[in-house]
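Asks: Take this structure first; my questions come after.
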């Protein structure tokens, strides 16, 4: 895990919000200066609550949403500057799996047609289709007969396997997984996570795993980035982060996740208040209104990500 | 402690194209006074239909086709719709997973909560308003007087769930049915709402039937647990025993599937196959085709619920003759 495959520098995404005559345009800062490095065969988890910008970040990397500024460097090229035609070639190497496989598939197409679309779009030789289709079905653990089925004939878990099959059929290097198991039942969820891990080993994939579920991220990720209101507040190796979270938000997030162990000593940190709206974020450290350690400096100055105890944290108090 | 709610042999059917489909099949459980009972299972296991059956809130195509629901020794199944209206909200209240779809979008918050009080108590308008503001404060809503006049879309998910809770406890019900109350919420907000439910339970001396798919929530909230699979109860026991020493192979699989349980292991344990839909239920034990311990008898005959001790019962042939320590 040494070669950096993808580097994200200062990624920003502003969405235009309310606009009125004669008034300056207002923006919602969904992603605000995110930095990331992804190595080969690495899984980086991005966690955070709704509205923290984790999905927007994922989509900006593939330019499914155009980033406002920043660089996404993949194989030496900044893909934010590429033309539409060039970005298509990049997507052969970077694919995405969505939360709801039903919503991301055409219900009128059979599984064979759904999986053939990327092959046609990227002009893979027709003679290779059959072999790729059957091999990919084997990889995701579905019988080949399912190729003639339709999405509605499959269960949620099987559909997500198809979603994964569609993403890996071009043998990409990076797969961005946006809440891939959130819509599934626990017993099926673990099947899919195991599948993702097997595929990573077999195909040498790198994952960006976006999720709100810390338990799942703790299992699958090598490194974890915690986002709050569009910013990374802590980035660390998984073991470090879960053993000793430093940022007060990370600590609260971990302590708020219910554990299935009845004997685990619970030091529960219950945060006050709600997640503020990204259209009107607090000044200084965006977490300060909910933080138990807030000082005057937190209200005035935005903390930068800095190196503390072998990880990066954005907090004045650590 | 006496039982506040006793469900006996409850069976609920829905009209299907090829005749009635049994979604809830002879469910038995009891809720003791002051207890939090968890009803756990995956999607389609019938846990929500069970709760809707208790309050007779089923859709038109569904009906209770057998069994009884005793609330303080009175059978609710034989009650008329008018009598049920007197019970809902007054004796037994319910909160739902998605607070947005349960609130009226064109009515201010205060009026919606007030409706519950006006329905069940004969009090003047000013008293109702005063009570509503008190309720909003009780469920931890800041600026209660202002929020009284707000519309639901102005509130966040967590706040809306607090409003739902205020509405549910408006008439001091003895029993609260909470159907996945925190599933749609973020974890930090979930922690707040669970904390609120816990403190209200003590303050108002309520019993809670908590329906959830999340074993973590069960571990934090429940005293006892009923595990459902494919419309049937498969295991009933206290929370500690359930998590420490699960008996039914399905419960074992479910607990092991949570990532927390496989800490440090590369692979997660999982259950093969998927949850069956009601038209796919097997003739024998409904879990047999996914069970790692299935025997011949499992495929032919449905196991009864075996009483293991006063606390625990389990629907599995492994526990025939009260064989202990099989798993």
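Residue numbers (UniProt numbering), protein chains in the order written: chain D, 1 to 318; chain P, 1 to 327.
Note that CB positions come from ideal geometry on N, CA and C, so glycine has one too.
1) Who are the near neighbours of residue 219/D in its chain, counting only those whose CB is closer than 8 angstroms to its CB and skipping five residues on each side?
2) Touch check for the segment 196-212 of chain D and the segment 127-134 of chain D: three-plus C-beta pairs under 8 angstroms?
3) Anything in the segment 210-227 of chain P with a Cβ closer than 9 angstroms to a Cβ of chain D? List those residues in chain order, please.
4) List the residues of chain P whose Cβ lies closer than 7 angstroms to the Cβ of residue 259/D, in chain order.
5) Compare the C-beta of residue 109/P with all C-beta atoms of chain D and state if any pair is closer than 9 angstroms.
6) Can you check whether the CB of residue 32/D is closer than 9 angstroms to the CB of residue 253/D?
7) Note down the Cα distance separating residue 74/P from residue 318/P, rounded to an integer number of angstroms.
8) Tell me which same chain residues have a C-beta within less than 7 angstroms of the C-beta of residue 340/P, skipping the five on either side of it?
9) Which residue marks the beginning of the alpha helix (DSSP H) containing residue 59/D, and which one marks its end?
10) Helix, strand or coil: how does DSSP classify residue 285/P here?
11) Using a C-beta to C-beta distance shorter than 7 angstroms, which residues of chain P count as neighbours of residue 252/D?
12) Relative to the alpha-carbon of residue 24/P, which residue among 293/P, 48/P and 263/P has its alpha-carbon at the smallest distance?
13) How about residue 92/D and residue 122/D: do their beta carbons lie closer than 9 angstroms?
14) In chain order, what are the residue ranges of uninterrupted alpha helix (DSSP H) at least 4 long that sit wholly in the segment 152-196 of chain P?
15) Near residue 136/D, what residues of its chain come up, given a Cβ to Cβ distance below 6 angstroms and the 5 sequence neighbours on each side ignored?
16) Could you name the residues of chain D that residue 271/P contacts, counting a contact when the two beta carbons are closer than 7 angstroms?
17) Using a Cβ-Cβ distance cut-off of 9 angstroms, determine whether residue 303/D contacts chain P.
18) Is any heavy atom of the ligand GTP found at a distance shorter than 8 angstroms from the C-beta of residue 142/D?
19) Give the secondary structure of residue 250/P by DSSP, where H, G and I count as helix, E and B as strand, and everything else as coil.
20) Taking the C-alpha atoms as reference points, what is the distance between residue 266/P and residue 175/D?
21) Go to residue 250/D, then tell me how far its alpha helix (DSSP H) extends in each direction, as first and last residue.
22) Give me whichever residues DSSP pairs with residue 3/P in a beta bridge.
23) Excluding sequence positions up to five away, which residues of its chain have a Cβ less than 7 angstroms from the Cβ of residue 33/P?
24) Return the chain-ordered list of same chain residues with a C-beta closer than 7 angstroms to the C-beta of residue 299/D, the five sequence neighbours on each side being excluded.
25) Counting C-beta neighbours from all protein chains within 10 Å, is the total for residue 143/P 16 or more, i.e. buried, or is it exposed?
26) Drop a sphere of 10 angstroms on the beta-carbon of residue 297/D, count the other beta-carbons inside from all chains shown, and report buried for 16 or more, exposed for fewer.
27) What residue ranges within the segment 194-226 of chain P form continuous beta strand (DSSP E) runs of no fewer than 3 residues, ordered along the chain?
28) Using 9 angstroms as the threshold, is the C-beta distance between residue 56/P and residue 155/D below it?
29) Of all the CB atoms in chain D, is at least one closer than 9 angstroms to the CB of residue 195/P?
30) Compute the beta-carbon to beta-carbon distance between residue 235/P and residue 227/P, rounded to the nearest angstrom, for a pair I have assumed lies under 8 angstroms.
31) Could you give the residue range of the beta strand (DSSP E) that holds residue 236/P?
32) Kindly list, in the order they appear in chain P, the residues whose Cβ is closer than 9 angstroms to that of residue 215/D.
33) Identify whether residue 326/P lies in helix, strand or coil by the three-state DSSP scheme.
34) From the beta carbon of residue 160/P, is the nearest beta carbon of chain D less than 9 angstroms away?
35) Residues of the segment 229-247 of chain P with a CB closer than 8 angstroms to any CB of chain D: list them in chain order, please.
36) Give, in chain order, every unbroken run of the beta strand (DSSP E) that is at least 3 residues long and sits entirely within the segment 91-135 of chain D.
Replies: By the coordinates alone:
1) As a first step, residue 219/D is located in the first chain; it is residue number 219 there, counting from the start. The answer, listed in chain order, is 193.
2) Taking 8 angstroms as the limit for Cβ pairs, the verdict is that the segment 127-134 of chain D does not touch the segment 196-212 of chain D.
3) Under the 9 angstroms Cβ criterion, the segment 210-227 of chain P contributes 213, 214, 215, 216, 217, 218, 219, 220 and 221.
4) Looking up residue 259/D in the first chain gives position 259. Those are 216, 219 and 260, listed as they occur along chain P.
5) On the second chain, position 109 is the one that residue 109/P refers to. So, not an interface residue.
6) As a first step, residue 253/D is located in the first chain; it is residue number 253 there, counting from the start. As a first step, residue 32/D is located in the first chain; it is residue number 32 there, counting from the start. Going by beta carbons, residue 253/D and residue 32/D fall outside the 9 angstroms limit.
7) Counting from 1 along the second chain, the entry for residue 74/P is found at position 74. Counting from 1 along the second chain, the entry for residue 318/P is found at position 318. Residue 318/P has its alpha-carbon roughly 36 angstroms from the corresponding atom of residue 74/P.
8) Past the edges of chain P, shown from 1 to 327, lies residue 340/P, and the structure says nothing about it.
9) Translated into the one-based positions of the first chain, residue 59/D becomes position 59. That run of the alpha helix (DSSP H) goes 54-62.
10) Position 285 of the second chain, counted from the first residue, corresponds to residue 285/P. Residue state, collapsed to three classes: coil.
11) Residue numbering aside, residue 252/D sits at position 252 when the first chain is read from its first letter. Residues of chain P passing the Cβ test: 188.
12) Translated into the one-based positions of the second chain, residue 24/P becomes position 24. When only C-alpha atoms are compared, the closest one is 48/P.
13) Residue numbering aside, residue 92/D sits at position 92 when the first chain is read from its first letter. Residue numbering aside, residue 122/D sits at position 122 when the first chain is read from its first letter. Cβ atoms of residue 92/D and residue 122/D: closer than 9 angstroms.
14) Counting whole runs of 4 or more residues, the segment 152-196 of chain P contains the alpha helix (DSSP H) stretches 157-168.
15) Taking the first residue of the first chain as position 1, residue 136/D is located at position 136. If we look at residue 136/D and ignore the five residues flanking it on each side, its Cβ neighbours are 165 and 169.
16) The sequence position of residue 271/P within the second chain is 271, counting from 1. Correct list: 187.
17) As a working mapping, residue 303/D is identified with position 303 in the first chain. Not one chain P Cβ lies under 9 angstroms of residue 303/D.
18) Among the components of this structure there are no ligands whatsoever, and the ligand GTP is therefore not found.
19) In the second chain, the residue the question calls residue 250/P occupies position 250. It is helical.
20) Indexing the second chain from 1 puts residue 266/P at position 266. Indexing the first chain from 1 puts residue 175/D at position 175. Their Cα atoms are separated by approximately 20 angstroms.
21) Indexing the first chain from 1 puts residue 250/D at position 250. Segment 248-256, the alpha helix (DSSP H) holding residue 250/D.
22) Numbered from its first residue, the second chain carries residue 3/P at position 3. Partner(s): 32/P.
23) Position 33 of the second chain, counted from the start, is the residue given in the question as residue 33/P. Once the five neighbours on either side are set aside, the close Cβ partners of residue 33/P are 1, 2, 4 and 207.
24) Stepping through the first chain from its first residue, residue 299/D is reached at position 299. Apart from sequence neighbours up to five positions away, the residues of its chain that approach residue 299/D with a beta-carbon distance below 7 angstroms are 283, 284 and 288, ordered along the chain.
25) Translated into the one-based positions of the second chain, residue 143/P becomes position 143. With fewer than 16 Cβ atoms within 10 Å of its Cβ, residue 143/P is classed as exposed.
26) Indexing the first chain from 1 puts residue 297/D at position 297. Counting Cβ neighbours within 10 Å, residue 297/D comes out exposed, since fewer than 16 surround it.
27) DSSP runs (the beta strand (DSSP E)) wholly in the segment 194-226 of chain P: 207-212.
28) Counting from one through the second chain, the residue named residue 56/P turns up at place 56. Counting from one through the first chain, the residue named residue 155/D turns up at place 155. Cβ atoms of residue 56/P and residue 155/D: not closer than 9 angstroms.
29) Sequence index remark: in the second chain, residue 195/P carries index 195 (1-based). Yes, contact with chain D.
30) Against the second chain, residue 235/P aligns to sequence position 235. Against the second chain, residue 227/P aligns to sequence position 227. Indeed, because the Cβ distance is near 4 angstroms, the residues count as touching under 8 angstroms.
31) One-based indexing of the second chain puts residue 236/P at position 236. Where residue 236/P is concerned, the enclosing beta strand (DSSP E) stretches over 232-238.
32) For the purposes of this step, residue 215/D is taken as residue 215 along the first chain, with counting starting at 1. In chain order: 216, 258, 259 and 260.
33) Your numbering for residue 326/P matches position 326 in the second chain. Low local confidence applies: a pLDDT of 44 at residue 326/P is under 50, so the model's placement there is unreliable, with the coordinate-based value given in what follows. Coil, per DSSP.
34) Translated into positions along the second chain, residue 160/P becomes position 160. With 9 angstroms as the cut-off, residue 160/P does not count as an interface residue toward chain D.
35) Listed by position along the chain: 239, 240, 243 and 244.
36) Counting only runs of 3 or more, we get 94-97.
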